[in-house]
Amino acid sequence: MNKTLSAIAAMVLLTAVAFTQIAMRDADAPGVMVDRLERIDAAISEEIETGEIAGAVALILRNGDVVYHKSFGLADIESNAPMRADSIFRIASMTKAITTVAAMVLYEQGHFQLNDPVAKYLPEFEQMTVISAVDEDGNVTATVPATRSIKIIDLLTHTSGIGYPFIPSKAQKSYQDAGVIDGLTVKDLTLAPQMRLLATQPLLFEPGSAFAYGLSTDVLGYLVEVVSGKPLDQFFIDEIFGPLGMNDTHFYLPEDKAGRLVTLYNAVDGVGLVAHEGSGTDIGANDSLYPILGAKTYYSGGAGLSSTAHDYALFLQMLLNDGEFDGVRILGRKSVELMRTGRVDWDGDNIPDFGLGFAVVSDVGRSGELASPGAYAWGGAFDTSYWIDPQENLVGIYMSQARPTNSDLSARFKTLVYQALE
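Residues -9 to 412 in this note's numbering are what the sequence shown lists, from first letter to last.
The following block contains the structure:
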């Protein structure tokens, strides 16, 4: 790690950005132990010093106030550009929560029921098939008709049977051979043709019978487009970003914001951090500049957004407030309650710990980490993560940019936040 990077890591700049009705709390205010928050500074600075990450932004909300918002290290190593509190990150699967809220907005407006078949609105998803056999090379050799339709709630809980091309599965080779994309692209593609292509692919299992993380939320975003009659980006602006003041959250960044995009790095064993150029092996192989270059025509509801810690905090505070923020109601209280209720066992522990768009802490004792019952969370492939703890009136956000990464700081940040609570 060069001396400039080390110096910036040690400098650790605290920036109080202007939050709409989320105030920076005085250091001696109740809710957190400030001296213990300093352990976060030390942990992030150490990761930068040892070359595990280039930089990061961390933010904590407690009782509706910002009690911690700091930027560390560099946004770009080559140019020595410092990380800023308003640096913009590719949030990847943190997009899913926003698409889920968009769908719930339409649900509350009476446009559909969650148990409706997807094919009622997207007829291309009618008469789906399920993989029954693959050969040793991963080719699908036999399918059977699905016994029931994919329901909208299956998309929300990743129980549709739709996977990801970059995640190993019985369908992976079929997806890749067909040209199904993971959601991030600089190519001149649009959502409708890609979703029609996806609908030609066999399912991993009978809808509703198991959990498989995949393109379900991209299909959900397409459903939002079709039902609302608006492109997904415009629906987000009209129903979520505009009302909440999320002015730095975009599928594709305006030219005047491109310079704030954090460089994406690969952690290479024996080498260190290398600016990402694509390896052709997984989702990280997509041109890392997709938010600012290319056709800018594909709106992936599962992975496509870029945002700041500040903007995403506004969104999460709305959820913590049961659907309302700063006098603006996005969702009703009961919808948020449903979203954060465990429904599906997603990690094999026989506990219903995945709700509508989130992993949910249903059993703190078995979770093996500091948390509260009912806390919910998710993250993104490029080393971003968040969680909401209604019991503690707490939000935590950690953002860096690497894939793959050797850092476990995203998980440790959560522990460091909880140990600082009063």
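We put the CB at the ideal spot given by N, CA and C, even for glycine. All of these numbers come straight from a predicted model, not from anything done at the bench.
Secondary structure at residue i, three-state DSSP: helix, strand or coil?
i: K163; result: helix
i: S296; result: strand
i: P113; result: helix
i: M389; result: strand
i: L251; result: strand
i: V264; result: strand
i: V217; result: helix
i: V176; result: coil
i: A275; result: Only weak support is given to the placement of A275: the predicted model assigns it a pLDDT of 49, under 50, and the question is left unresolved by the model.
i: F226; result: helix
i: R402; result: helix
i: G270; result: Residue placement at G270 cannot be trusted, given a pLDDT of 39 that sits under 50; what the coordinates show is reported in the next sentence. Residue state, collapsed to three classes: coil.
i: P107; result: strand
i: L360; result: coil
i: V334; result: strand
i: L306; result: helix
i: L193; result: strand
i: E126; result: coil
i: A92; result: helix
i: G151; result: coil
i: G100; result: coil
i: T207; result: helix
i: I34; result: helix
i: S199; result: coil
i: F372; result: coil
i: F156; result: coil
i: E39; result: helix
Give me whichever residues DSSP pairs with residue i in a beta bridge.
i: I81; result: Answer is none; I81 lacks a bridge partner.
i: N396; result: N396 is not bridged to any residue.
i: Y366; result: V350 and I378
i: R52; result: D55 and L384
i: D66; result: A71
i: T287; result: T287 is not bridged to any residue.
i: T133; result: I121
i: R319; result: E314
i: N256; result: V264
i: L411; result: V22
i: H240; result: S296
i: F344; result: V334 and A349
i: K141; result: P107
Between the C-alpha atoms of residue i and residue j, what's the straight-line distance to the nearest angstrom?
i: P380; j: G364; result: 7 Å
i: L188; j: Y165; result: 8 Å
i: S77; j: L306; result: 18 Å
i: V24; j: A33; result: 15 Å
i: G128; j: V176; result: 28 Å
i: V318; j: Q103; result: 24 Å
i: D228; j: M84; result: 19 Å
i: H300; j: A168; result: 39 Å
i: A46; j: E126; result: 42 Å
i: M308; j: T253; result: 29 Å
i: S297; j: F79; result: 5 Å
i: M14; j: T239; result: Low per-residue confidence applies at M14: pLDDT is 49, beneath 50, and the placement is therefore not dependable, though the value from the model is reported in the following sentence. Each residue's Cα considered, the two are about 21 Å apart.
i: G322; j: N70; result: 45 Å
i: K286; j: G355; result: 45 Å
i: F195; j: V134; result: 10 Å
i: E98; j: I282; result: 34 Å
i: M94; j: L181; result: 20 Å
i: T271; j: D172; result: With a pLDDT of 37 at T271, under the threshold of 50, the modelled position of that residue is not reliable, and no figure is offered here.
i: H266; j: I67; result: 12 Å
i: S199; j: S400; result: 31 Å
i: A109; j: L96; result: 17 Å
i: V56; j: V385; result: 9 Å
i: T190; j: P183; result: 11 Å
i: P221; j: N396; result: 37 Å
i: G54; j: L251; result: 27 Å
i: I(-2); j: K60; result: For I(-2), the predicted structure reports a pLDDT of 33, less than 50, and the residue's modelled location is therefore unreliable. A value from the coordinates is still provided. Approximately 12 Å between the Cα atoms of the pair.
Hey, residue i and residue j are a contact pair by Cβ (cut 8 Å); roughly how many whole angstroms apart?
i: D223; j: F201; result: Actually they are not in contact, since the Cβ atoms of D223 and F201 sit about 28 Å apart, beyond 8 Å.
i: F225; j: S218; result: 5 Å
i: L295; j: L146; result: With 8 Å as the limit, L295 and L146 do not qualify as a contact, their Cβ atoms being about 18 Å apart.
i: A392; j: I43; result: 6 Å
i: A82; j: F372; result: 5 Å
i: L263; j: G41; result: 6 Å
i: A87; j: F348; result: 7 Å
i: A303; j: I230; result: Actually they do not touch by this definition, with Cβ atoms about 14 Å apart.
i: V351; j: S362; result: 7 Å
Taking Cβ positions only, does residue i come closer than 8 Å to chain B?
i: L328; result: The structure shown contains no chain B; it is built from a single protein chain.
Query raised in the report: Are the stretch 366 to 376 and the stretch 228 to 235 touching by the rule of at least three beta carbon pairs closer than 8 Å?
Result: The count of Cβ pairs closer than 8 Å, one atom from the stretch 366 to 376 and one from the stretch 228 to 235, stays below three, leaving the stretches out of contact.
Query - Cβ contact (3+ pairs, closer than 8 Å) linking the stretch 139 to 153 and the stretch 114 to 124 - result: These segments touch.
Query raised in the report: Counting pairs of beta carbons, one from the stretch 202 to 209 and one from the stretch 289 to 302, are three or more of them closer than 8 Å?
Result: In this structure the stretch 202 to 209 lies against the stretch 289 to 302, because at least three pairs of beta carbons, one per stretch, are closer than 8 Å.
Query raised in the report: Do the stretch 154 to 165 and the stretch 207 to 221 touch if we need at least three Cβ pairs shorter than 8 Å?
Result: Short answer: they don't touch.
**Report entry** Segment contact flag, the stretch 334 to 341 with the stretch 50 to 58, C-beta cutoff 8 Å, min 3 pairs
**Finding:** Touching, no, given that fewer than three Cβ pairs across the two stretches are closer than 8 Å.
Query raised in the report: Hey, is the stretch 130 to 142 in contact with the stretch 255 to 267, meaning 3+ C-beta pairs nearer than 8 Å?
Result: No, they do not touch.
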